[in-house]
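Here's the structure, in structure tokens; my notes come after.
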Amino acid sequence: MGRLRGEEVVEIASKLLEQGLFWEELLDVVDAANVTLESIRGPFEAGLARLKIRLRSPPEAAIFLAKQLARKIADPEISPYEGACRIWREFSDVEGVNGRLNGFVGLASEYDDATNDRLKQDYERDIVSEASRFLQS
Numbered sequence: 013m014g015r016l017r018g019e020e021v022v023e024i025a026s027k028l029l030e031q032g033l034f035w036e037e038l039l040d041v042v043d044a045a046n047v048t049l050e051s052i053r054g055p056f057e058a059g060l061a062r063l064k065i066r067l068r069s070p071p072e073a074a075i076f077l078a079k080q081l082a083r084k085i086a087d088p089e090i091s092p093y094e095g096a097c098r099i100w101r102e103f104s105d106v107e108g109v110n111g112r113l114n115g116f117v118g119l120a121s122e123y124d125d126a127t128n129d130r131l132k133q134d135y136e137r138d139i140v141s142e143a144s145r146f147l148q149s
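Residue numbers (my numbering): 13 to 149.
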């Protein structure tokens, strides 16, 4: 939830109401004035708990989202380098990830330093292999 802005949480709450889900805390979120994430966190999380929806911890969420990007690398929906850079930029500094994304960070960095296209192709192939390995972990 720490990656969402307050307005985004209000938008999610509004969509839940439109889908027929109703609880008092949800109305508190939608009707909140001067919306900040901190001002609506309590009611939003209470509503999720009422629906028996558990929020992932920051490291769990980072690994989950990094795996979605790894899937896009492996499929290939995005270039290996682009995917590795996004994983590096968006998730590698999340506390508790414990180096599980270091392969992507290292390979993207090596790609940046590559002096010719052959080396870049080798690093892209290695990134695809890393994505496959990561998806199996």
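Built from N, CA and C at the ideal position, the CB exists for glycine as well.
| query | result |
| --- | --- |
| Can you give me the Cβ contacts of Y93 inside the same chain, cut-off strictly under 7 angstroms, excluding the 5 residues immediately before and after it? | A120, Y123, E136 and I139 |
| On a Cα-Cα basis, can you pick out the residue from K64, T127, K79 and C97 that is closest to R145? | K79 |
| Look at the alpha carbon of V106 and the alpha carbon of G32, and state the distance between them as a whole number of angstroms. | 35 angstroms |
| What is the DSSP secondary structure of S149, counted as helix, strand or coil? | coil |
| Quick one: is G95 buried, meaning 16 or more other Cβ sit within 10 Å of its Cβ, or exposed? | buried |
| Alpha carbon to alpha carbon, how far is F103 from F76? Give it in angstroms, no decimals. | 10 angstroms |
| For the alpha helix (DSSP H) that R101 lies in, which residues bound it at each end? | P92 to F103 |
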